[in-house]
Amino acid sequence: MLSMKCILASVPWDPACGTTRGCFPDCRDTGCTFLVTWQPLVTELLFAVQYEVTATNSYVALGFSDDLRMGDDSVVACVPGDPTNPVQSWYTQDTDLESLSPLNTGLSAAIVTHANGVLACNFTRQIKDANAHFFNLNNEYLIMVVVGQMKTKHGVTQLDKHYMIPHTSDVKVDFTSTSIYKQYKLSSPLVKLHGSMMTLAWLVCCSIGIVIARYQKDLLPDKKLFSTKYWFQLHRGSMICVMIFGTVGFISIFVELKGYSQLTPPPSKGATAAHPVLGIIVTAIMFINPTMSMFRPDPDHKFRFVFNWAHLGVGVTGHVLAVVSTMIGLTTERAGLPTSGLVVGLLWLAAIIIMGVIMEILKWKTPANKTSCQNTGKSAEGTDKPNLKRDARLKVILLGIFCAAMGVFWIAIVAIIATY
Numbered sequence: 001m002l003s004m005k006c007i008l009a010s011v012p013w014d015p016a017c018g019t020t021r022g023c024f025p026d027c028r029d030t031g032c033t034f035l036v037t038w039q040p041l042v043t044e045l046l047f048a049v050q051y052e053v054t055a056t057n058s059y060v061a062l063g064f065s066d067d068l069r070m071g072d073d074s075v076v077a078c079v080p081g082d083p084t085n086p087v088q089s090w091y092t093q094d095t096d097l098e099s100l101s102p103l104n105t106g107l108s109a110a111i112v113t114h115a116n117g118v119l120a121c122n123f124t125r126q127i128k129d130a131n132a133h134f135f136n137l138n139n140e141y142l143i144m145v146v147v148g149q150m151k152t153k154h155g156v157t158q159l160d161k162h163y164m165i166p167h168t169s170d171v172k173v174d175f176t177s178t179s180i181y182k183q184y185k186l187s188s189p190l191v192k193l194h195g196s197m198m199t200l201a202w203l204v205c206c207s208i209g210i211v212i213a214r215y216q217k218d219l220l221p222d223k224k225l226f227s228t229k230y231w232f233q234l235h236r237g238s239m240i241c242v243m244i245f246g247t248v249g250f251i252s253i254f255v256e257l258k259g260y261s262q263l264t265p266p267p268s269k270g271a272t273a274a275h276p277v278l279g280i281i282v283t284a285i286m287f288i289n290p291t292m293s294m295f296r297p298d299p300d301h302k303f304r305f306v307f308n309w310a311h312l313g314v315g316v317t318g319h320v321l322a323v324v325s326t327m328i329g330l331t332t333e334r335a336g337l338p339t340s341g342l343v344v345g346l347l348w349l350a351a352i353i354i355m356g357v358i359m360e361i362l363k364w365k366t367p368a369n370k371t372s373c374q375n376t377g378k379s380a381e382g383t384d385k386p387n388l389k390r391d392a393r394l395k396v397i398l399l400g401i402f403c404a405a406m407g408v409f410w411i412a413i414v415a416i417i418a419t420y
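Residue numbers (full-length UniProt numbering): 1 to 420.
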């Protein structure tokens with residue numbers, strides 16, 4: 001049971017919640033977004049639904065479901081634009097919405113209003129009916145709440161498909177009780193693992209690996225690690241970590257959602273639908289680029305430059321798409337993260353860009369010094385050698401700062417993910 005009280009609410013809190021009425025609210029310190037209440041009687045339930053919504057062509061619907069997925073659910077829709085049937089009985093068959101016949105099956109005493117930014121719906125629902133698609137609420141079901149848009153076609157009010165992720169109870173509801181039920185949040189350990197591993201793979205390990213490959217090839221030039229240059233071993237190690245952490249993150253979300261899950265966002269957030277698609281693309285790239293490296297030609301091969309550009313292009317493309325996917329993931333309704341998550345993500349991105357600009361400037365300066373040396377006839381062992389060593393030390397220091405910054409940002413993101 002949950003105890004809560006809403007203040008400064010467009011949707012007022014019902015003090016009868018938890019005593020004579022069962023309730024399913026969405027309330028915070030700033031107020032309630034919606035409140036569903038029910039009062040159990042002998043053969044029926046008195047429902048009251050209030051939802052804060054500004055669009056005048058909106059409907060609100062309650063779903064009764066055995067699972068967290070929409071489909072094969074009993075639905076009651078509150079339709080303020082329909083004076084004949086303001087509350088309607090529906091059934092979801094897979095992704096299709098089918099009306100029961102008659103449309104008001106099991107429903108009576110309906111009052112639906114939309115005023116002052118609140119859509120209110122009161123009705124009486126029979127606990128059970130002969131229609132098998134009208135669920136018997138003597139049994140326990142998850143309760144879902146959604147808002148969608150209506151349209152009128154040939155004088156008939158029709159319900160458009162809703163774009164929001166349903167508000168769903170965290171456990172199945174006993175409608176004969178007067179308990180207060182909390183919302184389910186997609187915040188299971190597997191979901192948190194997905195977010196943590198994907199950000200670790202792409203925004204930490206991949207970023208560091210790219211920086212090392214592009215800017216740190218003069219790292220400890222006279223020394224080798226297992227017969228290979230230090231920069232290459234560090235780059236390869238970073239990319240192996242990308243594959244390990246990325247694979248864990250990829251598998252964890254598929255296990256949690258029991259397969260591929262397509263996001264259906266509102267029109268204002270249409271870009272968020274790309275998150276799962278981009279995730280699959282970058283995971284494919286995660287394996288394509290290392291596979292390409294297994295077939296790289298020798299350094300002095302005439303086509304080595306083709307491999308270099310292809311390897312760089314595929315890697316950078318994967319990194320860019322991964323960053324875009326991450327930023328989208330931080331804003332999806334399903335993630336449920338606060339704005340601070342996106343802020344940290346954007347600061348993280350800014351740090352990557354700043355590092356790239358600084359290192360490009362240093363990289364641009366070094367060839368200039370060499371050219372100057374050649375033009376003046378001075379040996380690299382002479383006056384320019386201290387400058388080259390200084391630049392090399394500076395790049396190592398910058399790499400250390402960059403790695404530390406990536407780690408700090410990752411810890412901040414994980415802290416936010418773990419909290420919500």
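No residue lacks a Cβ here, since even glycine has one placed at the ideal position from N, Cα and C. This one's a predicted model, so the numbers in the text were calculated from it and none came from an experiment.
Suppose you measure from the CA of residue i to the CA of residue j; what does that come to, to the nearest Å?
i, j, result
"Gln39", "Arg21", "5 Å"
"Gly259", "Pro276", "11 Å"
"Asp96", "Phe47", "25 Å"
"Val343", "Asn139", "44 Å"
"Ile251", "Ile244", "11 Å"
"Met406", "Gln149", "43 Å"
"Ile210", "His235", "7 Å"
"Ser340", "Ile416", "8 Å"
"Lys5", "Thr178", "Because Lys5 carries a pLDDT of 40, less than 50, the predicted location of this residue cannot be relied on, and no value is offered for it."
"Leu337", "Val53", "21 Å"
"Glu256", "Val79", "34 Å"
"Asp170", "Phe123", "24 Å"
"Lys185", "Asp174", "20 Å"
"Asp73", "Ala350", "45 Å"
"Asp160", "Thr247", "37 Å"
"Asn85", "Leu330", "40 Å"
"Val42", "Lys172", "21 Å"
"Lys223", "Met239", "21 Å"
"Asp129", "Lys151", "29 Å"
Among the options, which residue has its Cα nearest to the Cα of residue i?
i, options, result
"Ile111", "Val87, His154 and Ala322", "Val87"
"Glu44", "Phe135, Tyr59 and Val118", "Phe135"
"Cys394", "Gly313, Leu349, Asn308 and Leu219", "Going by the sequence as given, residue 394 is Leu instead of Cys. The residue with the shortest Cα to Cα distance from Leu394 is Leu219."
"Tyr51", "Ile358, Ile352, Gly249 and Val147", "Val147"
"His116", "Asp72, Pro297, Thr56 and Asp82", "First, the amino acid is wrong: residue 116 is Asn here, not His. That would be Thr56, whose Cα lies nearest to the Cα of Asn116."
"Met164", "Leu107, Asp94, Met70 and Val396", "Met70"
"Ser89", "Pro83, Thr37 and Leu103", "Leu103"
"His162", "Tyr215, Thr92 and Leu203", "Thr92"
"Tyr420", "Ser188, Val320, Ala109 and Ala404", "Ser188"
"Lys182", "Val42, Asp300, Thr37 and Asp222", "Thr37"
"Ile352", "Lys302, Lys217, Lys229 and Cys206", "Cys206"
"Asp391", "Gln216, Gln233 and Asp298", "Gln216"
"Leu311", "Asp222, Ile361, Gly237 and Arg296", "This sequence places His at residue 311; Leu is not what is there. Comparing Cα-Cα distances from His311 to each of Asp222, Ile361, Gly237 and Arg296, the minimum goes to Arg296."
"Gly356", "Ile127, Thr152 and Ile208", "Ile208"
Do residue j and residue i count as a contact pair if the criterion is CB distance below 8 Å?
i, j, result
"Cys23", "Asp14", "yes"
"Arg125", "Val49", "no"
"Gly18", "Ile180", "yes"
"Leu62", "Val145", "yes"
"Ser65", "Leu142", "yes"
"Asp94", "Thr157", "no"
"Ala284", "Trp202", "no"
"Ile328", "Ala274", "yes"
Using a 10 Å radius around the Cβ and a threshold of 16 neighbouring Cβ atoms, would you call residue i buried or exposed?
i, result
"Gly400", "exposed"
"Val289", "Per the sequence presented here, residue 289 reads as Asn, with Val not at that position. When all chains shown are included, Asn289 counts as buried."
"Lys378", "Its pLDDT being 43, under 50, Lys378 is placed unreliably by the model, and the measurement read from it follows with that caveat. Label assigned to Lys378: exposed."
"Lys370", "Confidence is the limiting factor: at Lys370 the pLDDT is only 49, short of 50, which leaves the residue's position unreliable and the question unanswerable from this model."
"Phe402", "buried"
"Val191", "buried"
"Trp231", "buried"
"Ile413", "buried"
"Thr291", "exposed"
"Ala418", "exposed"
"Trp309", "exposed"
"Ile212", "buried"
"Ala120", "buried"
"Ile280", "exposed"
"Pro25", "buried"
"His154", "exposed"
"Pro221", "exposed"
Rounded C-beta distance between residue i and residue j? I'm assuming under 8 Å.
i, j, result
"Val11", "Leu35", "5 Å"
"Trp364", "Phe409", "About 27 Å; that fails the 8 Å criterion."
"Met286", "Val242", "6 Å"
"Leu278", "Val324", "6 Å"
"Asn131", "Thr105", "6 Å"
"His133", "Leu107", "His133 to Leu107, Cβ: 13 Å. No contact."
"Gly345", "Thr332", "12 Å between Cβ atoms; not a contact."
"Ile253", "His319", "That belief does not hold up - the Cβ atoms of Ile253 and His319 are roughly 20 Å apart, past 8 Å."
"Met197", "Gly249", "3 Å"
Would you verify that the beta carbon of residue i is, or is not, closer than 8 Å to some beta carbon of chain C?
i, result
"Cys27", "Protein chains in the displayed structure number just one, and chain C is not present."
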